[in-house]
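What follows is one structure encoded as structure tokens, with my remarks underneath.
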Amino acid sequence: MNTTIAMSIELKSHFLRLYQMALSDDSFDVLELQMLYHFADERGIPKDELDKLFMNPVSTETALPEDLETRIEYLYDLTRIMWADGKITDDEKNTLKKYCKKFQFLEENIEELVNYLIDCVQKGIKKEEIINQLNA
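Add 480 to the 1-based position in the sequence shown for this note's numbering, that's all there is to it.
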């Protein structure tokens, strides 16, 4: 039984952002690559689909997540990619801030949101817990 999930434009955009984040510190660590494939596996996306996306990203439109939960989930994934090698550079942090702004978070909240996400990832707090806190 082959259960292949077609990647939506939004999901393709997310994986391209994750890839960009992994490259943002000029050091593409094998742990970051493994995490990209782990994220795909979590979503039922086959490795070859992700390979195709990374080999031919230019034909893909981009889409931003519309609901708050998905935006937080995607930012959390980006933060996990940042932390995959056990260190966070200024370039990675600035890239995350850029995505927070792109995801339409208010400028005055971005620094706090970025620090919160980094803290959660470093402490091993799951994204479901973060989303549950937002909905409380």
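Beta carbons: idealized from backbone N, C-alpha and C, even for Gly.
Bear in mind that the values here come from a model prediction, so they are computed numbers and not experimental data.
Would you kindly work out how many angstroms separate the C-alpha atoms of residue i and residue j, rounded to a whole number?
i, j, result
"Val601", "Thr559", "7 Å"
"Ile561", "Val510", "11 Å"
"Leu491", "Lys578", "18 Å"
"Ala527", "Asp521", "In the sequence as presented, Ala is not what sits at residue 527; that position holds Lys. The alpha-carbon atoms of Lys527 and Asp521 are separated by roughly 8 Å."
"Gly604", "Ser488", "28 Å"
"Lys532", "Ile525", "12 Å"
"Glu629", "Phe534", "Lying before the first or after the last residue shown, residue 629 is absent from the chain, which here runs from 481 to 616."
"Glu588", "Cys580", "11 Å"
"Glu546", "Leu586", "15 Å"
Might you give, ordered along the chain, the residues of its own chain that have their beta carbon closer than 6 Å to the beta carbon of residue i, omitting 5 neighbours on each side?
i, result
"Leu576", "Leu558, Val594"
"Lys607", "Glu553, Tyr556"
In chain order, what residues of the same chain lie with their CB nearer than 8 Å to the CB of residue i, ignoring the 5 residues before and after it?
i, result
"Leu516", "Phe495, Leu498, Tyr499, Ala502, Leu530, Ile561"
Answer with yes or no whether the minimum CB distance from residue i to chain C is below 7 Å.
i, result
"Lys577", "Note that chain C does not occur in the displayed structure, where there is just one protein chain."
Query raised in the report: When the Cβ atoms of the segment 500-517 are set against those of the segment 556-569, are three or more pairs found closer than 8 Å?
Result: yes
Query - Segments assigned alpha helix (DSSP H), at least 4 residues, entirely inside the segment 489-521 - result: 489-503
Report task. Please specify which runs of the alpha helix (DSSP H), each continuous and at least 4 residues long, are wholly inside the segment 528-566, giving them in chain order. Result -> 548-563
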